[in-house]
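Reading through the C-alpha cells given below for one structure.
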Amino acid sequence: MRRLEADEVRKISLPDVFGHLGSAAFQPLEGILGQERAVAALQFGLNIHAEGFHVFVVGQPGTGRTTAVKTYLENIARTLPVPDDIAYVYNFQDPQHPRSLILPAGEGEKLKRAMADFVETVLHELPKAFEDERFQESRQKVMQQFDRERQERIARLSAEAAQYQFALEFLPQGIYYVPLKDGKPLSDEDFQKLSEEEKTALNERREALQTRLGQAMREFRLLERNLQEALKELDRSHAKAVLDVWLMPLLELFAAHQEVVHYLHDVREDMLDELPLLLNKQGGAEVQRMRPTGTRDDLARRYRINVIVDHRETKGAPVIVERNPTFPNLIGRIEREAIFGALVTDYTLLRAGSLLKANGGFLIIPVEELLKAPYAWDGLKRTLRAMRLVIEDVGEQYGLLAAKALRPEPVPLKIKVVLIGSPIHYYLLFQYDPEIRELFKVKAEFATTMPRTEENERAYASFFRTLSEKERLRPLTAGAMAKLVEHGARLAGEQGKLATRFAELADVVREANFYAEQEGGEADEADVKQEAGEAGEITAAHIEKSLKERFYRSSLLKERIEELYDQGVLLVHTDGKAVGAVNGLAVLSIGDLTFGVPKRITVTVSAGREGIIDIERESRLGGNIHTKGVLILSGYLRERYAREAPFPLAAQIVFEQSYDGVDGDSASSTELYALLSALAEIPLRQDLAVTGSVNQKGEIQAIGGVNEKIEGFFDICQQKGLTGTQGVIIPEANVQNLMLREDVVQHIREGTFHIYAVRTVDEGIELLTGIPAGKPDESGEYPEDSLHGRVIRRLRAFQAQLRRTPIPLTQRVEAATGQEERKEEPHDPEPKP
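For the sequence shown, the UniProt record's numbering gives the first residue as 1, with consecutive numbering after it.
Here's what the structure looks like:
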C-alpha cells in the first residue's frame, strides 16, 4: 500500500513543449493523426486493385473518422487522373434502352453544347435550305418530267376514246368518258332519242374503254407514287448534303470517339426520317418515339445529350461523402414528368447517383445511414459485385410501379468504396452477411487512443492549428495547448495515452474561442496572425472555462443527487467507523454526463449453511458480472478459511439505497472488506471510499471510471466538510489511469485528501481497520489478534453453533440423495461464450 503524491494523480503537460507561440508555431496537420494501423490498411486497400478489396473503416464516433479519411483520400486523389464524363443519349434502335457515352473529362458538356447548336441550326436553317433556287429548279424538273409522262398517258387515253367516239372529262370525282355525236358531247336528251341497238352499242364501247381507264388510273397512281418517292429522295439527298455540312465540325471534333461518331450518324439518319416534321410539313414518322404529340420540340428533345456526370471543374479523382445513402442517391434515379395526367419518362430524366459521380475515385459511406435506407445495402452489394452500374427504379424492381421503365445501358465502374462505421456495425455485418467478407476485404480500424509522446503532443498542436485556420478561430497559447493535451489524456483514461476523439476536442476549442471573443471582440484576420502575448488568443483559462461550462450544462442530475446526500436522503458517512459497512463507488453514465457517486455497502453475517447471499441478485437488481464478483468472494473465503472444514456462514451483501440495478465487479473488493469487517467484528473507516475488483487469490484488480469515482467521493466529502483524513483506496493497476481534476489534485497536494493504491486485500483491510491482516505460521494458523485470526475465531464459533443445531430432515435427505440444486433466476441466464 502506498499513498500517492500529487504529481502521480495527474500528469501535467508543460507549455514549454509547444514553445511560446502555441499552436501558431506549428504547421497544419497533414495525414491522419495517431492512426498508423488504419493508415497502413487504407494504403493497402487503395493500392490493391483486385476484386472485392474495398475498405471498411471501423472506429468509435467522434474519433474524426470521416474527416480524416476524406482528407487522406483527397490528398491521394490530387495525384490521380480526372475520370471520364458520363452521358446518356437516345437509342434510335431501342428507345427503352438509352445508350451511354463515356467521354474524357469536359468532353461531355462540349458535346452537349455542340449538339444543342447543331439541332438549333437544323430547326431554323433547314427549312431555308429547301427554299434555295437551284434546289427548287431541280424539284421543278422532276415534277415537270412526271407531268409530261402524265400528259402523254392522258393523250393516249384521249386518242383511244376518240376512236370509240368518246371524250375524256376530268371532274373532282375522277375521270369519266363522255359519248360524242358529230364531235360534240351527247346530251341526255339526244341519248334518249337513240334506238336500243345504238344505246347497246354505245354502252359496249364505254365498257371496253372503262377497262382501259382502270388500267390507266393504276398507272397514274403509280406515276404519282413514283413522283413522291422521287421528290422525297430529292429532299433527303438535299437534306443529307446540308446536314453533312453542319455535322462535319462535330464529326471532326469527336473523331477519336467512335461511339460518338456512330451516334452522330444515327442522329443524321433519324433527322432524314423525320424530315417532314423538321420542315414543318404534315406527317413525320408514324410511330413517335418520344412523346405522343410529335412536335418539333419533342423531336429536338430526342437529340439532347444528358450529361449525368460532368468533370469539367474536377481536379484529380473525385472524393465524395454520401451522407444520405438512399438507393436513388447511391444508384441513381429515373425521374418522371406529368403530361396530361400521366407520368412519363425518357433518357433526359436519368440522374446519376454518388456511385457514378465518384466513379474513377473514392466514395465514403456511413454504414449506419446505409443500413437505415431501404434496399440501399442490397443495391450497393449488387453493383460492387458486377462493377457495372445500372440506373434503375427500385419501385419497379420490387413490383411497386406498374409503368414501364427505362433500361439504361450499364456503365463500367472503377471505384473504391469506403464504409465508415462503429465496431458493432462491422461485427454484426461480418456475422450475419457473408458478402461483407467478399466485398470489403480490408478493415481499417481507428484506435480511440494514441501514445502520449512529445511528438504526438506536438501533433495535437498541428491539429488545432489546422482547425483554427479552417474555421478562422483564434490561435491557442502554449498554456491552452497544454490543457488540451491533459484533457486528451483524461478522455483516454490513461496518463500515457491521448484520446483521438478529435470531434469532442474540436468542440472544446470552438467553445473556448467563443469565450475569448466575448472578452476581446470577434477574431479578424489580423487576430489570427498575431504573436503570443498579444490580444486575440485562446488561453488556458478559456480552455478551463470551456470544460467547466460543458460539464455544468449537463450536470443537473449530479447536483440533484448531491442534494440528496446533503439532505440525508441518501446515506453515506465520510467520517467515523462502522462494522460491516464501507463506502463503495459507482459510476453513472447518462447521455453525455458521466460522474461518480458513493454507495454504502453493508454486510450482515450469522452462523448458517447458505453461504453468501447477494441481495441485489435475489431482488433481480444485480447484473451477471456483479453476481460473478460475489461468487468470487466465496472462492476467496473458502481458500483462506475453509480448507479443512465446511464453510459455516450465512452472509448477506447489499448496495444500500440502490433501486436502478447494479452491475460490474469493481465493488467486489469493497464487499469483501465489509464482509471481513463483519466476521472479525472490527469497524472500518468511513472516511475512506473503496473501489477495485478482487480475484480468488486476494489480488486487487483494475477497474474502470477511476477518475469519476474519486471525484464523486471528493465532492461529497467537500460538501459535508473535508477533515484531512478522507480519501479513496484504488487498485495499484489504476494509478496509470489517474487524470484527476485540478481542484482534487490541489487538495491532495495540501494533504486534505488522499489516494491510496493497494495490490492485495490485506493491504486494503489494514488501511481500513488499522490492525494487521496477519500472516499464517507453518501450521497455517494466523495470530489471534490479527484480522484473519479474528475471522477464523468467529467462523469456528459459527461452526460450533451449527454442530449444536440439528439439520432439518428434508435438508439431510436432499444432501444424501444429491437432489439439492442451485436455483437459477429467469433473469440471470447462463452467459454465452
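In this text, a Cβ means the ideal position worked out from N, Cα and C, and glycines have one as well.
Quick caveat: nothing in here was measured; it's all calculated off a predicted structure.
- Beta-bridge partners assigned by DSSP to Ile-538: Leu-476.
- Around the Cβ of Asp-687, a 10 Å sphere holds 16 or more other Cβ atoms; the residue is buried.
- Taking a 10 Å sphere around the C-beta of Lys-414, we find fewer than 16 other C-beta atoms and assign the residue as exposed.
- In this structure, the beta-carbon distance from Asp-132 to Glu-107 does not fall below 8 Å.
- When secondary structure is reduced to three states using DSSP, Lys-414 falls in the coil class, being assigned neither helix nor strand.
- Unbroken beta strand (DSSP E) runs of no fewer than 3 residues, entirely contained in the region 77 to 159, are found at 85 to 89 and 99 to 103, following chain order.
- Across the structure, Arg-474 and Ala-480 are spaced so that their CA atoms are roughly 11 Å apart.
- Shown here, Val-690 sits in a strand according to DSSP, grouped into three states.
- Looking at the DSSP output, Lys-497 shares a beta bridge with Pro-451.
- Taking C-beta atoms under 8 Å as the contact rule, Gly-764 and Ser-669 qualify, at a distance of about 6 Å.
- Ala-208 counts as exposed, since fewer than 16 other C-beta atoms from the protein chains shown sit within 10 angstroms of its C-beta.
- One thing to note: Lys-577 has its Cβ no nearer than 8 Å to the Cβ of Leu-429.
- According to DSSP, residue pairing for Val-344 in a beta bridge involves Glu-337.
- Within the region 742 to 820, complete beta strand (DSSP E) segments of at least 3 residues are found at 754 to 758, given in chain order.
- Residue burial is scored here from C-beta neighbours: Ala-358 has at least 16 other C-beta atoms within 10 angstroms and is therefore classed as buried.
- In the DSSP assignment, Gly-705 falls outside any alpha helix (DSSP H) and carries neither an H nor an E.
- Residue pairing by DSSP places Gln-43 in no beta bridge whatsoever.
- When Cβ pairs closer than 8 Å are counted between the two stretches, the region 332 to 339 is seen not to touch the region 139 to 152, the count staying below three.
- Residue environment for Ala-757: buried (at least 16 other C-beta atoms within 10 angstroms of its C-beta).
- Measuring C-alpha to C-alpha distances from Thr-725 to each of Pro-731, Leu-633, His-788 and Thr-574 identifies Thr-574 as the nearest.
- Per the C-alpha coordinates, the member of Ala-41, Val-55, Gly-34 and Leu-80 positioned closest to Gly-64 is Gly-34.
- Residues Ile-612, Ser-668, Glu-671, Leu-672 and Leu-675 of the same chain have their beta carbon placed closer than 7 Å to that of Leu-633, with the five preceding and five following residues left out of the count.
- Sequence-distant Cβ neighbours of Thr-760 in its own chain, meaning closer than 7 Å and more than five residues away, are Gly-698, Glu-699 and Ile-700.
- In this structure, the alpha-carbon of Leu-380 lies about 12 Å from that of Val-418.
- Judged by beta-carbon spacing, Ile-730 lies within the 8 Å limit of Val-706, meaning their Cβ atoms are closer than that value.
- Per DSSP, reduced to three states, the secondary structure at Gly-727 is strand.
- Straight across, the Cα-Cα distance linking Leu-370 with Leu-476 is about 38 Å.
- His-97 counts as exposed, since fewer than 16 other beta carbons sit within 10 angstroms of its beta carbon.
- Per DSSP, reduced to three states, the secondary structure at Asn-226 is helical.
- If you check the CB distance, Val-597 and Gly-712 come in under 8 Å.
- Here Glu-322 is buried: its Cβ has 16 or more other Cβ atoms, across all protein chains shown, within 10 Å.
- Taking all protein chains in view, the Cβ of Ala-255 is surrounded by fewer than 16 other Cβ atoms within 10 Å, so the residue is classified as exposed.
- Between Pro-410 and Phe-118, the alpha-carbon positions lie close to 28 Å from each other.
- Here Ser-100 is not near Pro-374, since their CB atoms are 8 Å or more apart.
- Non-local C-beta neighbours of Glu-454 in its own chain, meaning closer than 8 Å and more than five positions away in sequence, comprise Val-17, ordered along the chain.
- Between Ile-76 and Arg-741, the alpha-carbon positions lie close to 42 Å from each other.
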